[in-house]
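Colleague: Here you go, one structure.
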Amino acid sequence: MRVLVMFDLPVQTSDEQKQYRHFRKYLISCGFMMMQESIYCKLALNQGAAMHIANAVKRNKPKSGLVQILTVTEKQFSKMEIIVGEINSDVVDTDKRVLVL
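Residue numbers for the sequence shown follow my numbering, beginning at 112 and rising by one.
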């Protein structure tokens with residue numbers, strides 16, 4: 112399973128910028144990989160692990176802004192199509208390089 116976190120956070124004030132940086136660093140430290148600028152993805156072994164990941168993100172969300180969590184199966188994730196632009200190797204589109212600890 113994959114857990115996708117999509118967020119749109121305000122960054123007008125210095126406090127909002129700090130909250131944005133803190134949330135982004137939290138996602139990276141938890142093993143999320145950036146798919147797009149405000150979309151991060153993490154591999155989960157099963158539905159229970161996905162729920163645990165989602166609950167941890169909810170506990171660490173910023174005070175303001177929009178944070179959305181979507182859980183999809185590997186089969187659904189593999190059907191994602193890149194429509195515009197050229198393929199970038201930095202984009203997470205395979206699980207071959209994912210290391211599960």
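We treat Cβ as the ideally placed atom computed from N, Cα and C, and that holds for glycine.
DSSP three-state label for Ile180, please.
Modeller: strand
Colleague: Excluding the 5 residues flanking Lys172 on each side, which residues of the same chain have their C-beta closer than 6 Å to its C-beta?
Modeller: Val178
Colleague: Quick check on Thr123: does DSSP put it in helix, strand or coil?
Modeller: First, the amino acid is wrong: residue 123 is Gln here, not Thr. Three-state result, Gln123: coil.
Colleague: Three or more C-beta pairs under 8 Å: does that hold for the stretch 117 to 136 against the stretch 178 to 193?
Modeller: The stretch 117 to 136 vs the stretch 178 to 193: in contact.
Colleague: Tell me, please, which residues DSSP counts as bridged to Val168.
Modeller: Paired residue(s): none; Val168 is not in a bridge.
Colleague: Would you mind giving the Cβ-Cβ distance between Met112 and Asn157, rounded to the nearest angstrom? I have them listed as a contact below 8 Å.
Modeller: 7 Å
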